[in-house]
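Chains as they are written, first to last, in this note's numbering: chain E, 5 to 314; chain D, 5 to 314. Just so you know, even glycine gets a beta-carbon here, dropped at the ideal spot from N, CA and C. Worksheet for the structure shown next.
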């Protein structure tokens, strides 16, 4: 009878915080990846680092209200470069240089605080709670305004020499290609990043109407609009070239797509797969897979919490 | 006194065999990477697998003649795909499908036999006996007819899911670029492989004279011939684009160059380094290094022996 009460696999709980430029998403997550409670608020990244941190603290306070479970720690996923708990120069955060959020929060909350970049967190979420249950080696891509990447090798996030690995968006697929803020002309991001794509293809896109955005193209593709379908075909080709490079180099066979643009995968899947089949080496081209993330919307908070739950 | 005779760091010795399409190089190597004896013979890869194996056995017999040290095992580096001691379809080896050389040799010689692909062996040699003493993360490139790559991550050869990792030559830097036997247009090899380069640049090369090969261009560059120097500048640019992709993706900062073409590095270094500085992400571009291998000519046999000495 006692065994029922002393279950060795005791459930643990962590707070996961997904710090974005516009919103902060946060949640209490259990070790199985179940979200018990969540809270979302504005990031106010255009005001000051102090204001952003206040907003994170507001999330933590809201989540802890009437929470009966003991919290093991706080995990935070943040944009930009993260090393040793310090968030460095996150893009589009006004006045933010280097903030040691780990030190600050561990002092304030007496709870272990772990910080990683948002792409690694999303990859970790996929590894623990998504397709990663089945695949031990994959690249997780966030297809959105930017193109983020997280590499999972042998069941672990690969971080590189200075925690900066996975910059798939900064790999060139055409050295004569369009410019990219990252300084690497013809990089994957200069083709696949939302605004880059809209800019590069504006001639075709203008034929669809005025002020057309990515969602509009997707809606038109659903209605079988030929121009919209052709545009997604291009998107699939560029993604296919980039993924072929990854598969060939790494001898890895799985890619998982997240981010807003992955919702349109049905429209660029065929061309993407066709391109990889055509370009990849013999041992790869019959065996790879490109999948949509199962946990896309919650990947940020789940991955941040997983930093602690791991 | 006794301590002098029972040195705990007992020296071990291995045979290393570098199986090439034209020659087989072989050596007895000690655990410090010193070559005690070497032997080179023709591979006869254009005749039959049986003949090639006879030639390897001839090497082993020659090396063991009057060898007073005990041999711990046989390491073999081979072209093509190698898994579990089986050499599969090495390019340009007539009639060779799949040969389990490990099984065959362990039965015959009663010595542990380990087989890996030649690029990994060269990388392993560099790791144990070359620049790898200083750097724990690097890519080793063989610049020759083909472009081979070996990835060292955290002090170990990274092999990928099916021992096929490191195909740097099969990563595209321009999807509209020249064709490549590997089926991946605009791949690094289609720019940097010896014959590809000579073909792509033939218009300029023809200005230098008739039947000009890579060595001739190098000789002319030494004499400050402008066309030759411009050709190497192009070579450096392509290499720089490829390496930027690697550095950005992997957050690794070291590349080591081997293979025949690396002997001309002085002529393409500046453009290569300039290109990486221009294209790599902020955290990389002041901190990377591209080095020539110190052990280039012996890398094959040293790495093959290191399979055993490890």
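Report the rounded CA-to-CA distance for residue 8 of chain D versus residue 17 of chain D, giving the unit in angstroms. Residue mapping note: residue 8 of chain D aligns to position 4 of the second chain, counting from 1. Residue mapping note: residue 17 of chain D aligns to position 13 of the second chain, counting from 1. Low per-residue confidence applies at residue 8 of chain D: pLDDT is 43, beneath 50, and the placement is therefore not dependable, though the value from the model is reported in the following sentence. Each residue's alpha carbon lies about 20 Å from the other.
Tell me, please, whether the CB atom of residue 179 of chain D is closer than 8 Å to any CB atom in chain E? As a working note, residue 179 of chain D is residue 175 in the second chain. At least one chain E Cβ lies under 8 Å of residue 179 of chain D.
Looking at chain D, is there any beta carbon in it that lies within less than 8 Å of the beta carbon of residue 240 of chain E? Here residue 240 of chain E refers to the residue found at position 236 when the first chain is read from its first residue. Answer no: the Cβ-Cβ gap between residue 240 of chain E and chain D never drops below 8 Å.
Just tell me which of D:75, D:25, D:187 and D:135 has its CA closest to the CA of residue 53 of chain D. Reading the second chain from its first residue, position 49 is the one you call residue 53 of chain D. Nearest C-alpha to residue 53 of chain D: D:25.
Taking any Cβ of chain E, which residues in the segment 145-166 of chain D have a Cβ under 9 Å from it, in chain order? 153, 155, 157, 162, 163, 164, 165 and 166
DSSP on residue 135 of chain D, reduced to helix/strand/coil? As a working mapping, residue 135 of chain D is identified with position 131 in the second chain. Three-state DSSP puts residue 135 of chain D in a helix.
Please report whether the beta-carbon of residue 132 of chain E lies at a distance below 8 Å from any beta-carbon of chain D. The count along the first chain starts at 1 and reaches residue 132 of chain E at position 128. Cβ-Cβ to chain D under 8 Å: no for residue 132 of chain E.
When you compare the CB of residue 171 of chain E with every CB in chain D, is at least one pair closer than 8 Å? The sequence position of residue 171 of chain E within the first chain is 167, counting from 1. Cβ-Cβ to chain D under 8 Å: yes for residue 171 of chain E.
What residues are listed by DSSP as bridge partners for residue 22 of chain D? Taking the first residue of the second chain as position 1, residue 22 of chain D is located at position 18. According to DSSP, which records beta bridges pairwise, residue 22 of chain D is partnered with D:29 and D:81.
Option nearest residue 291 of chain D by Cα separation, candidates D:266, D:44 and D:256: Taking the first residue of the second chain as 1, we reach residue 291 of chain D at position 287. Selected option, being the one with the closest Cα: D:256.
Collapsed DSSP secondary structure at residue 242 of chain D in the structure displayed: As a working mapping, residue 242 of chain D is identified with position 238 in the second chain. Note: residue 242 of chain D maps to helix in three-state DSSP.
Three-way DSSP call (helix, strand, coil) for residue 195 of chain D in this model: Sequence index remark: in the second chain, residue 195 of chain D carries index 191 (1-based). Helix.
Determine, using beta carbons only, whether residue 295 of chain D comes closer than 8 Å to chain E. The residue you call residue 295 of chain D lines up with position 291 of the second chain. Chain E, which has no Cβ nearer than 8 Å to the Cβ of residue 295 of chain D, makes this no.
Could you check whether the segment 300-309 of chain E touches the segment 109-127 of chain E, counting it as contact only if at least three pairs of C-beta atoms, one from each stretch, sit closer than 8 Å? yes
Do residue 198 of chain D and residue 172 of chain D have their beta-carbon atoms positioned less than 8 Å apart in this structure? What you label residue 172 of chain D is simply residue 168 of the second chain in a count that begins at 1. What you label residue 198 of chain D is simply residue 194 of the second chain in a count that begins at 1. No.
Can you grab the Cα-Cα spacing for the pair residue 312 of chain E / residue 111 of chain E, in whole Å? To locate residue 312 of chain E, count along the first chain from 1; it is residue 308. To locate residue 111 of chain E, count along the first chain from 1; it is residue 107. Their backbone Cα atoms lie some 17 Å apart in a straight line.
With a Cβ-Cβ cutoff of 8 Å, do residue 261 of chain E and residue 296 of chain E count as a contact? Residue 261 of chain E sits at position 257 when you count from the first residue of the first chain. Residue 296 of chain E sits at position 292 when you count from the first residue of the first chain. In this structure, residue 296 of chain E lies closer than 8 Å to residue 261 of chain E by Cβ.
Under the three-state reduction of DSSP, which class applies to residue 212 of chain D: helix, strand or coil? Here residue 212 of chain D corresponds to residue number 208 of the second chain, with the count starting at 1. Of the three classes helix, strand and coil, the one that applies to residue 212 of chain D here is coil, per DSSP.
Going by C-alpha distance, which of D:264, D:41 and D:174 is nearest residue 194 of chain D? Here residue 194 of chain D refers to the residue found at position 190 when the second chain is read from its first residue. For the residues D:264, D:41 and D:174, the minimum Cα distance to residue 194 of chain D belongs to D:174.
Residue 15 of chain D CB to nearest chain E CB: under 8 Å? Against the second chain, residue 15 of chain D aligns to sequence position 11. No, its Cβ sits nowhere closer than 8 Å to a Cβ of chain E.
Between residue 81 of chain D and chain E, is any beta-carbon pair separated by less than 8 Å? Here residue 81 of chain D refers to the residue found at position 77 of the second chain. So no, residue 81 of chain D is outside the interface.
Examine the Cβ distances between the segment 173-190 of chain D and the segment 208-224 of chain D and report whether three or more of them are shorter than 8 Å. no
Are residue 20 of chain E and residue 30 of chain E touching if we call contact CB-CB under 8 Å? Residue mapping note: residue 20 of chain E aligns to position 16 of the first chain, counting from 1. Residue mapping note: residue 30 of chain E aligns to position 26 of the first chain, counting from 1. In this structure, residue 30 of chain E lies closer than 8 Å to residue 20 of chain E by Cβ.
Could you give the DSSP three-state label for residue 144 of chain D: helix, strand or coil? Reading the second chain from its first residue, position 140 is the one you call residue 144 of chain D. Three-state result, residue 144 of chain D: strand.
Please state if the CB of residue 75 of chain D and the CB of residue 82 of chain D are separated by a distance shorter than 8 Å. Looking up residue 82 of chain D in the second chain gives position 78. Looking up residue 75 of chain D in the second chain gives position 71. No, Cβ-Cβ distance for residue 82 of chain D and residue 75 of chain D is not below 8 Å.
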